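In numbering that gives the first Met the number 0, the protein residues as written are 0 to 308. Below is one structure; the comments refer to it alone.
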Amino acid sequence: MILNIGGRTDTVNYFSEWLIRRFREGFVYSRNPYYPHIVNRIQLSPETIDVVEFCSKNYAPILKDLYEITDRFNCHFHYTITAYGKDIEPNVPSIDESIETLKRLAAIVGKEKIIWRYDPVLLTHEYSIERHLETFDEMAKRLQPHADRCLFSFVIWYKKLAVNMPELLPMGDAEKNRLAQGMGDIAHRRHLYLQTCGMREDYSQYGIHHSGCMTALIYEHSLGLRFKSVKHKGNRPGCGCMESRGLGEYNTCINGCRYCYANYNHARAQENYKNHDPLSPLMIGHLHPDDEIRPIHQESFLDKEPMLF
0 MILNIGGRTD TVNYFSEWLI RRFREGFVYS RNPYYPHIVN RIQLSPETID VVEFCSKNYA
60 PILKDLYEIT DRFNCHFHYT ITAYGKDIEP NVPSIDESIE TLKRLAAIVG KEKIIWRYDP
120 VLLTHEYSIE RHLETFDEMA KRLQPHADRC LFSFVIWYKK LAVNMPELLP MGDAEKNRLA
180 QGMGDIAHRR HLYLQTCGMR EDYSQYGIHH SGCMTALIYE HSLGLRFKSV KHKGNRPGCG
240 CMESRGLGEY NTCINGCRYC YANYNHARAQ ENYKNHDPLS PLMIGHLHPD DEIRPIHQES
300 FLDKEPMLF
């Protein structure tokens with residue numbers, strides 16, 4: 000089983016104390032996002048969790064205690080650092096701060112376990128194609144020695160985004176190709192492995208690899224693991240990743256990113272965050288008398304048979 004720490008919220012940035020406590024106690028509760036009275040129980044055991052997948056925009060809060068997880072589990076890390084400032088990501092550290100934190104993370108876990116996420120790529124008059132390429136080039140120069148690869152995706156247009164970001168500019172094939180070609184050229188010059196994530200478009204003509212972000216190949220390469228030959232459905236249409244189990248709850252991230260898909264609205268996220276108790280096995284609030292606790296099925300995908308030579 001792949002345990003996805005950051006798919007629903009920025010757990011590392013805002014719930015690190017709670018997360019470390021859950022791993023110490025060996026289990027965590029997670030409300031079903033569609034049936035809130037059902038609470039899933041996840042056993043935090045190395046025997047059934049093949050990889051703990053982290054994703055965050057700020058690892059600083061967990062660095063001093065990270066060994067409590069990495070010493071026992073196979074861990075992999077996605078670090079999102081974009082070109083945007085406080086106008087789009089109000090509560091995310093600056094580019095310089097984020098790069099320094101990524102360097103500290105790499106010194107602890109090794110660069111081969113870290114993917115730098117430059118996504119989503121979106122366009123406004125302030126964040127033009129030229130600005131993206133200029134910023135990406137500078138960041139690639141600084142991050143290439145400390146990350147295994149970089150992945151990017153183009154922003155997905157949805158109704159809520161048009162309300163939250165009215166300044167967003169349309170991005171057609173021409174704009175996407177200009178960005179992809181420019182980023183591919185930069186990656187080649189900076190000796191940076193660059194790939195897409197969750198996109199149907201193929202930009203291999205620009206030296207960009209087409210892949211998922213949580214694949215067996217990535218884990219085998221980064222962590223030295225070997226998986227059974229099992230077909231994976233992905234986590235959504237167009238996704239080439241191994242299926243994963245999410246931890247935590249939606250509408251709890253207070254990064255305030257205006258393109259966010261995990262929050263219905265930021266005011267609700269702020270209210271939910273106030274109900275966080277680091278001592279509770281739930282990320283938000285506590286168990287209710289009518290809650291139904293259901294242990295989830297946990298199965299390892301690792302191939303533990305000895306290799307024959």
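Even glycine gets a Cβ: it sits at the ideal position worked out from N, Cα and C. The structure presented is a predicted model; accordingly, all values stated were derived computationally and were not measured.
Residue state for D118 is assigned as strand, using DSSP reduced to three classes.
In this model, E129 and Y260 are separated by some 26 Å (Cα to Cα). A82 is a Cβ neighbour of Y117, given a cutoff of 9 Å. Contact check for L150 and T195: beta-carbon distance about 7 Å, within the 8 Å limit, so the pair qualifies. When C-alpha distances from G109 are compared across K140, H77 and R188, the shortest belongs to H77. Sequence-distant Cβ neighbours of F72 in its own chain, meaning closer than 7 Å and more than five residues away, are P45, I48 and V51. As for any alpha helix (DSSP H) of minimum length 4 sitting wholly inside the region 128–159, the runs are 128–142, ordered along the chain. Assignment of L104 by DSSP, reduced to helix, strand and coil, places it in the helix class.
The DSSP-derived three-state label of Y218 is helix.
When the beta-carbon positions are compared, I207 and G171 stay at least 9 Å from each other.
Ranked by Cα distance from A139, the options K227, P294, G197 and H187 are led by H187. Secondary-structure assignment with DSSP links Q194 through a beta bridge to L150 and H208. According to DSSP, T79 shares a beta bridge with R116.
Rounded to the nearest whole angstrom, the CA to CA distance from T214 to S221 is 11 Å. Contact check for N12 and K56: beta-carbon distance about 6 Å, within the 8 Å limit, so the pair qualifies. The beta carbon of T10 sits closer than 6 Å to the beta carbons of I4, L18 and G247 from its chain, once the five residues preceding and following it are set aside; these are given in chain order. For Y28, the enclosing beta strand (DSSP E) stretches over residues F26 to R30. Across the structure, K158 and D302 are spaced so that their CA atoms are roughly 43 Å apart. Counting C-beta atoms within 10 angstroms of its own C-beta, A161 has fewer than 16 neighbours from the protein chains shown and is therefore classed as exposed.
Using a C-beta cut-off of 8 Å, the region 94–103 makes no contact with the region 254–271, since fewer than three inter-stretch Cβ pairs fall below that distance. V11: member of the alpha helix (DSSP H) spanning T10 to Y13, first to last residue. Within the DSSP secondary-structure output, N39 pairs in a beta bridge with S29 and R293.
Beyond the five residues adjoining it in sequence on each side, D136 comes within less than 6 Å, by CB distance, of I185 in the same chain, given in chain order.
Per the coordinates, the alpha-carbon of D201 lies some 19 Å from the alpha-carbon of W156. When the beta-carbon positions are compared, F14 and P280 stay at least 9 Å from each other. Residue pairing by DSSP places V50 opposite I1 in a beta bridge. With a threshold of 16 other beta carbon atoms within 10 Å, I292 falls short and is exposed. Burial check for H36: the Cβ neighbour count within 10 Å stays below 16, so the residue is exposed. F53 is the residue among R20, F53 and E24 whose C-alpha sits nearest the C-alpha of R244.
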